[in-house]
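The structure appears below as structure tokens.
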Amino acid sequence: MGLESENLQYSGELYFHFLDGLKLKGTVYLCRDFKGNLIETDEALPFWCPVDEIPWDQMWEDDLHWLPRALDGEQFTGRFIFDKETMIDKEIIFG
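Convert by adding 13 to the 1-based position in the sequence shown; the result is the number in the numbering used here.
What follows is the structure, encoded as structure tokens:
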């Protein structure tokens with residue numbers, strides 16, 4: 014079943030461009046009200062942890078630039094360019 018979220022709060026948009034031509038867009042929502050359980054996906058094995066223990070070194074490099082401020086309630090638009098798994102450029106607008 015996974016999680017059923019309630020009272021979603023819009024946080025922002027993420028645009029990714031990879032040098033191999035792949036382009037992705039993601040929309041970020043936060044929620045504090047949910048029911049159900051985390052389930053593994055092809056992308057990740059999700060887990061809960063305290064905010065001050067987020068394992069940044071195990072995440073995509075861009076996450077460190079937008080996620081802390083999103084968790085503080087700021088809205089944003091982020092654009093990132095990657096060469097494989099290495100971020101080579103970024104632009105983030107908050108507010």
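From the three backbone atoms N, C-alpha and C, an ideal C-beta is built for every residue, glycine too.
Alpha-carbon to alpha-carbon, G49 and M72: 24 Å
Neighbour-count burial assignment, F95, 16 or more Cβ in a 10 Å radius: buried
Simplified DSSP state of L21, which is helix, strand or coil: coil
L27 and F93 closer than 9 Å at C-beta: yes
N- and C-terminal bounds of the alpha helix (DSSP H) containing D76: 76-84
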